[in-house]
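Trainee: Have a look at this one before I ask anything.
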């Protein structure tokens, strides 16, 4: 175990210099990047109440399922304290408080923090949401934590974040499209800029794993296989409402997303295919026996998952969320 940890730290030190060279491509300057107030009604202006009325009129046309998905996405974004503390526990990240990996983690957290702030304020102003019920779910999600099967291993953690940032990009991008269809251009624009952030962050984590494959291909491949065998669980898989047990609301949230086509089993397969292509999995050399077996598994996995996904029926069970007024 000590050798395993030392090797991971050495690899993290090795790829840190590549990360620092690229950090300004993956993260934007704080003074110039968008902030939530750029999109929301300005309370200091005489037009504030008129703008809120217009926002509420647009939000009134959003479907029940879309509001449910938007709330679930917002709660997921609001659980940021969990994600930051998890990243600081990854091997090689917090060895040096002033080092590059802690710099990355803090700046990544700062960018992600804007997402929950923006969506939370929109939902509050929309009039569609029981904010207290939503806030209880947010506090539960932070308090309950999460278990994503990565441990403290940077390989597994960065594979997870690569997949997850791509998934959140898909979800926010599709909500933006749906919002536009239902006549809410403001929400569409908000979710569009959030999706753009997620795509940029995914590019970063994919790059980190690409550099790991260059120096430790067999262990990286085994980590990839392990994460895909476990399945990539969503950060909000412990989602619950007041009076419910851990995770009881998550299935209803994902059902709504599946019904709307916002995030589906097919999307899961497509993300896996993208990672296989971007990491050049089929052409990686220097694998040991375990690495070769792991590669065989992940390369053949999309076809297997696709057969399962194509047999899945759209969930039709209706569920009333405590979060939504009326």
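In our numbering, the protein residues as written are 1253 to 1578.
Heads up, the beta-carbon is just placed ideally off N, CA and C, and yes, glycines get one too.
#1: With H, G and I counted as helix, E and B as strand and the rest as coil, what does DSSP make of residue 1381?
#2: In the DSSP output, what is residue 1576 paired with across the bridge?
#3: Would a C-beta distance cut-off of 8 Å place residue 1533 and residue 1267 closer than the cut-off?
#4: Whose C-beta lies closer than 6 Å to the C-beta of residue 1580 among residues of the same chain, with five residues either side of it excluded?
#5: When the Cα atoms are used, what is the spatial distance from residue 1455 to residue 1436?
#6: Are there 16 or more other CB atoms within 10 angstroms of the CB of residue 1423, so buried, or fewer, so exposed?
#7: How would you write the range of the alpha helix (DSSP H) that residue 1412 sits in, first residue to last?
#8: Can you tell me which of the three DSSP states residue 1272 falls into?
#9: I'd like the ranges of any alpha helix (DSSP H) spanning at least 4 consecutive residues and lying wholly in the segment 1277-1339.
#10: Would you call residue 1284 buried or exposed, if buried means 16 or more other Cβ atoms sit within 10 Å of its Cβ?
#11: Any idea if residue 1339 is buried or exposed, counting beta-carbon neighbours within 10 angstroms, 16 or more meaning buried?
#12: Looking at the secondary structure, which residues open and close the alpha helix (DSSP H) in which residue 1448 lies?
#13: DSSP state of residue 1395, grouped into three classes?
#14: Within the chosen definition, does the segment 1315-1322 reach the segment 1508-1518 through at least 3 CB pairs nearer than 8 Å?
Mentor: The answer reads as follows:
#1: strand
#2: 1381
#3: no
#4: The chain is shown only over 1253 to 1578; residue 1580 falls outside these bounds and no answer can be derived.
#5: 29 Å
#6: buried
#7: 1406-1433
#8: helix
#9: 1300-1311 and 1316-1330
#10: exposed
#11: buried
#12: 1437-1467
#13: helix
#14: yes
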